[in-house]
Amino acid sequence: MMPGTSVSGEVMLNYGPWPWKMCRRVCRQYLDCLAFKTTCEEVPTTKKTPTSAIWAHGHLNWCDGHWQHVVFSDESIFLLYRQDGRVRVRRQSHEALLDECVLPRVLAGGRVTIWGVFHSRGKSELDVLDRNMDQYQYIRDLETKTFPFAKIDFQANCVFQDKNVQDMDWPAMSPDLNPIENLWLKISHGLNKMDNPPTSVSELAQAVVDIWRDIPD
Numbered sequence: 155m156m157p158g159t160s161v162s163g164e165v166m167l168n169y170g171p172w173p174w175k176m177c178r179r180v181c182r183q184y185l186d187c188l189a190f191k192t193t194c195e196e197v198p199t200t201k202k203t204p205t206s207a208i209w210a211h212g213h214l215n216w217c218d219g220h221w222q223h224v225v226f227s228d229e230s231i232f233l234l235y236r237q238d239g240r241v242r243v244r245r246q247s248h249e250a251l252l253d254e255c256v257l258p259r260v261l262a263g264g265r266v267t268i269w270g271v272f273h274s275r276g277k278s279e280l281d282v283l284d285r286n287m288d289q290y291q292y293i294r295d296l297e298t299k300t301f302p303f304a305k306i307d308f309q310a311n312c313v314f315q316d317k318n319v320q321d322m323d324w325p326a327m328s329p330d331l332n333p334i335e336n337l338w339l340k341i342s343h344g345l346n347k348m349d350n351p352p353t354s355v356s357e358l359a360q361a362v363v364d365i366w367r368d369i370p371d
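Taking the numbering used here, the leading residue of the sequence shown gets 155, the next gets one more, and so forth.
What follows is the structure, given as structure tokens:
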């Protein structure tokens, strides 16, 4: 990201002084610096930061053979009408109400909460939850979805983040450590590429499940 003063300096450095004044917006357009929403990340607490670091260092020397027996799971939420909060459009001052410059907004949008599991040999069926994830739903998903799926391939020879399959310590609030985040990203990309995006929660749920199934094992 480049602030306006840096953009102006970049133009001066590469192209020399200009005979007229340029505003920051012109500089950004000239350098093809488009507006993007900044990437957000969670600010770790002082207690959590060393925990994640200790966990990472403790598994630094794990080889592929170790990770092949680890079962990863997580939940994710997908919104029916996805907006990043700031949608930018380049237009003339009189074009504000053109269709291509107007963003439809539904005040009462919907969302789908899902639970998925995967390991080195494949992935589970995606579970679409009818309620927010809490401790009771979490236990039910472990008992009815996760452990039966893991034992099909591994029997007792597997490691799960959370239970007596063989328990793996897992630092709280560390999504960057869980590779299932890459699968959620594939689902998001698949939804964004749909020619006819979902218009209802049921369509969204079916689209998410279909994209998940199409991800190669």
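Cβ coordinates follow ideal geometry from the N, Cα and C atoms, glycine included.
Assuming residue i contacts residue j (C-beta within less than 8 Å), just tell me the rounded distance between them.
| i | j | result |
| --- | --- | --- |
| ILE268 | GLU229 | 7 Å |
| ALA359 | VAL266 | 5 Å |
| LEU234 | VAL355 | 6 Å |
| LEU371 | LYS277 | Correcting the residue identity first, residue 371 is Asp in this sequence and not Leu. Indeed, because the Cβ distance is near 6 Å, the residues count as touching under 8 Å. |
| CYS255 | ARG242 | Not confirmed; about 11 Å, so no contact. |
Helix, strand or coil: how does DSSP classify residue i here?
| i | result |
| --- | --- |
| LYS299 | helix |
| ALA359 | helix |
| THR205 | helix |
| SER227 | strand |
| HIS248 | coil |
| LYS317 | With a pLDDT of 49 at LYS317, under the threshold of 50, the predicted position of this residue should be treated as unreliable, and no value is reported. |
| HIS213 | coil |
| LEU233 | strand |
| ARG265 | strand |
| THR353 | coil |
| LEU283 | strand |
| LYS277 | strand |
| TRP366 | helix |
Starting from the Cα of residue i, find the closest Cα among the options and give me that residue.
| i | options | result |
| --- | --- | --- |
| THR353 | VAL256, ARG245, ARG275, PHE232 | PHE232 |
| MET287 | GLY212, GLN360, VAL362, SER227 | SER227 |
| PHE303 | VAL224, LEU251, ASP368, ASN350 | VAL224 |
| GLY219 | ARG242, ASP253, HIS273, GLN246 | HIS273 |
| LEU368 | VAL355, ALA210, TRP338, ASP253 | Contrary to the premise, residue 368 reads as Asp rather than Leu in this sequence. Nearest of VAL355, ALA210, TRP338, ASP253 to ASP368, Cα basis: TRP338. |
| GLN222 | ASP307, LEU234, LEU280 | ASP307 |
| VAL271 | HIS343, ALA361, ILE334 | ILE334 |
| SER342 | GLN246, ARG285, ILE365, CYS255 | ILE365 |
| VAL282 | GLU357, LYS340, CYS217, LEU252 | GLU357 |
| LEU214 | LEU331, PHE301, ARG275, LEU345 | LEU331 |
| GLY264 | VAL243, ASP284, ARG245 | ASP284 |
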